[in-house]
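Basically the numbering used here = 1-based index in the sequence shown + 3.
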Amino acid sequence: MKLGKRLQELRVNKGLTQAQLAEALGVSFQAVSSWERDESLPETAKLWTIAAALDTTLCNLLDEDAGFYPLFELDDRIFHEDRMYTFIKSAASARDMPQTLKALPFARQAHKNQVRKGEPGIPYINHPLTMCCHALAMGIKEDRVIAAILLHDVVEDCEFELCDLPVDEEVRHIVDLLTWEGEPEVDEDIYDQSYYAAIQQNPQAALIKLIDRCNNLATMAGGFKKERMREYLEHTHRFILPLANTLQDSYPPYQDACFLLKYHIRSLMYAIIKTAQL
4 MKLGKRLQEL
14 RVNKGLTQAQ
24 LAEALGVSFQ
34 AVSSWERDES
44 LPETAKLWTI
54 AAALDTTLCN
64 LLDEDAGFYP
74 LFELDDRIFH
84 EDRMYTFIKS
94 AASARDMPQT
104 LKALPFARQA
114 HKNQVRKGEP
124 GIPYINHPLT
134 MCCHALAMGI
144 KEDRVIAAIL
154 LHDVVEDCEF
164 ELCDLPVDEE
174 VRHIVDLLTW
184 EGEPEVDEDI
194 YDQSYYAAIQ
204 QNPQAALIKL
214 IDRCNNLATM
224 AGGFKKERMR
234 EYLEHTHRFI
244 LPLANTLQDS
254 YPPYQDACFL
264 LKYHIRSLMY
274 AIIKTAQL
């Protein structure tokens, strides 16, 4: 079911006219009418308000049983791959970041035919590019950190080895720490403990893992069912938040970034738990 039809159905069941819903949302009734005819789409941030006005959950508004609604197709999709790629390339050129300039085209080519899980039409490269922009916005301008962000999923998800990466050994080491491969003979929980213990010893890898989790939490509603969301949140509480606390306490240069990331992660967790009724 398309969002417009779902919105109309919920509004009628609530006994509201288009004008009444528009007043509750602070928009024109023409906007509501346009949404219901699928001529335009509401901003992502407005979806929470719409769900509240209709006394429903975000999942119900997006018709979970019929499949998740691709949020990135909404009209406020501002994080486009081409724009982010150009921004990162310009920033790296201006700041003399040779590792990043080598990693950028390599990552785009490596992820060329991949798309984000549950997000039709969204190239996978959107994920590391968004992470890079997030890091730069927080004032993280270390060449090797940005390069490692770009390459953090290449070995895990593409047919490349560490030795194939066009970067120095320090960046490769960070990517190696972040690569989750699992071991058939080892329990996943035990593997996770070892995996995060190793990451904890490297501030750059730990920071990247936090940024990675932020982006995954922000987009997981498009690809995870409720049970998987619940498991992911439990995993975040068990491993990611302690990692953030340790990094904040042990590595002063990243204290401000850790505060922002912890706030972002906790806010996303709270919003997901409440709206998805987990």
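Ideal Cβ positions, reconstructed from N, Cα and C, are used throughout, including at glycine.
(message) Rounded to the nearest angstrom, what separates L28 and F82 at their Cα positions?
(response) A straight line joining the alpha-carbon of L28 with that of F82 spans about 25 Å.
(request) For V189, count neighbouring Cβ atoms within 10 angstroms of its own Cβ and tell me buried if that reaches 16, exposed if not. (result) V189 sits exposed, since fewer than 16 C-beta atoms from the chains shown fall within 10 Å of its C-beta.
(request) Measure the Cβ-Cβ separation of D171 and V158 and say whether it is below 9 Å. (result) No, the Cβ-Cβ distance between D171 and V158 is not below 9 Å.
(message) Among the candidates E191, L44, L139 and A113, whose CA atom is the shortest distance from the CA of D167?
(response) The option with the nearest alpha carbon to D167 is A113.
(message) Closest to P101 by C-alpha separation, out of A150, K212 and P131, would be which residue?
(response) Out of A150, K212 and P131, A150 has the C-alpha closest to the C-alpha of P101.
(message) Is it buried or exposed, G7, if we count other Cβ atoms within 10 angstroms and call 16 or more buried?
(response) Buried.
(message) Using only the alpha-carbon positions, how far apart do Y254 and P206 sit?
(response) Taking the straight line from one Cα to the other gives about 7 Å.
(message) Please identify the residue among E230, L264 and K229 whose C-alpha is closest to the C-alpha of L244.
(response) The shortest C-alpha separation from L244 is found at L264.
(message) So, at 8 Å on beta carbons, what are the nonlocal neighbours of G18 in its own chain, with the 5 sequence-adjacent residues on each side left out?
(response) None.
(message) For a quick check, are the C-beta atoms of I202 and L246 less than 9 Å apart?
(response) Yes, these two residues count as a Cβ contact at 9 Å.
(request) Out of I193, L220, A260 and E230, state which residue places its alpha-carbon closest to the alpha-carbon of Y273. (result) It is L220.
(message) If I measure Cβ to Cβ from E39 and keep anything under 8 Å in the same chain, skipping five residues before and after, which residues do I get?
(response) Closer than 8 Å at the Cβ level, and outside the excluded window around E39, lie G7, K8, L10, Q11, R14 and Q21.
(message) So, at 6 Å on beta carbons, what are the nonlocal neighbours of L284 in its own chain, with the 5 sequence-adjacent residues on each side left out?
(response) The shown model of the chain, from 4 to 281, leaves out residue 284, and the question about it has no answer.
(request) Please list, in chain order, all residues of the same chain as L104 whose beta carbon is under 6 Å from its beta carbon, the five residues on each side excluded. (result) Short of 6 Å from the beta carbon of L104, and not among the five residues preceding or following it, lie these beta carbons of its own chain, in chain order: A95.
(request) Could you tell me if Q280 is buried or exposed, where buried requires 16 or more neighbouring beta carbons within 10 angstroms of its beta carbon? (result) Label assigned to Q280: exposed.
(message) Quick check on DSSP: helix, strand or coil for V30?
(response) The answer is coil: DSSP assigns V30 none of H, G, I, E or B.
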